[in-house]
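These notes concern the structure reproduced below.
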Amino acid sequence: MIPFKDDNPTETFPIITILIIVLNSVIFIWQITSPLGIEKTAYYFGAIPHNLLLANVIVQPISPTVSIFTSMFLHGGFLHLIGNMLYLWIFGNNIEDALGHIRFLIFYLFSGVVAVYSHAITDPSSFIPMIGASGAVSGILGAYLLLYPKAKVYTIFFFGFFWQIVRLPAIVVIGFWAIIQIFSGMLSYGIGQQGGVAWFAHIGGFLIGLLTIKLWLPKRYRYNY
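Numbers 1 to 225, taken from our numbering, label the letters of the sequence shown in order.
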């Protein structure tokens, strides 16, 4: 199931959403063309749980606090980037429209910070860097689910070699995504130093977006949702 657009119109141009997508894309190009490569850029600029919560053992050119923010703009591969940016493009413009440009940017970064720590506290001794916009984007999904649960999302379903486009309510599309994150997170808990997907970052980002989005709304809109 792959969503690719919604039918939820906006009143403002999503300049911040577009800039975030462009910035992530440019940084990814730098990652794959830099002599450092993807792996070293992840260790230099990714969020390493042990460094954040215990001690700065793996020396990075930036402080662990700054790495929280730089990690949000790094990706481990093309599909990782495309998946995050697709979800941000579909759902981010409406949240930016509701919050306004500056509030949206702060909300996005705030969700990413919560996501990083949600992952770090589940495995505080890990030296594996967390990278990706997934946690911040998950906050956008949580916000969208609360504000626009009935908005229709165009989704591609694959049936073997066949596929079909279906319009589904956002509560179904995002709800299904959330269930996968929670289930996968529970299964992965305790595995530790294996790397892979930071499921608890997704869960933490999603929950903080879901639970706090109304607090971020401008007062004139706060009670319209």
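Backbone N, C-alpha and C fix where the C-beta goes; we use that ideal spot for every residue, glycine too.
Nothing here was measured: the structure is a model prediction, and the numbers come from that model.
Gly-46 is the residue among Ile-18, Asn-8, Gly-46, Ile-213 whose C-alpha sits nearest the C-alpha of Ala-120. Phe-110 is not a Cβ neighbour of Ile-48, given a cutoff of 7 Å.
Here Lys-5 is near Ile-90, since their CB atoms are less than 7 Å apart. For the options Thr-17, Phe-183, Met-186, the alpha carbon positioned closest to that of Asp-97 is the one of Thr-17. Contact between Gly-135 and His-202 holds, since their C-beta atoms are separated by about 6 Å, short of 8 Å. The shortest C-alpha to C-alpha distance from Thr-212 to any of Trp-199, Gly-175, Lys-152, Ala-143 is the one to Ala-143.
Bounds of the beta strand (DSSP E) holding Leu-168 are 162-169. Excluding residues up to 5 positions away in sequence, Phe-107, Tyr-108, Phe-110, Ser-111, Gly-112, Val-114, Ala-115, Gly-205, Phe-206, Ile-208, Gly-209 lie with their Cβ nearer than 8 Å to the Cβ of Gly-139 in the same chain.
The C-alpha of Leu-86 is placed about 15 Å away from the C-alpha of Asp-7. If you look at Lys-152, you'll find it in the beta strand (DSSP E) that goes 152-159. Excluding the 5 residues flanking it on each side, Ile-58 has same chain C-beta neighbours closer than 8 Å at Tyr-43, Ile-48, His-50, Asn-51, Phe-127, in chain order. Judged by DSSP secondary structure, Ile-140 falls outside any beta strand (DSSP E) and instead within the alpha helix (DSSP H) spanning 134-147. For the 7 Å CB-CB criterion, Tyr-148 and Arg-167 do not form a contact. Per DSSP, reduced to three states, the secondary structure at Lys-5 is strand. In this structure, Ser-71 sits near Ile-131, with a CB-CB distance shorter than 7 Å.
By the 16-neighbour rule on beta-carbons within 10 angstroms, Asn-94 is buried. If you ignore the 5 residues before and after Leu-23, its C-beta comes within less than 8 Å of the C-beta of Phe-73, all in its own chain and listed in chain order. Given a length threshold of 4 residues, each whole run of the alpha helix (DSSP H) inside the stretch 69-116 is given here in chain order: 78-99. For Glu-11, there is no enclosing alpha helix (DSSP H), as DSSP marks it with neither H nor E.
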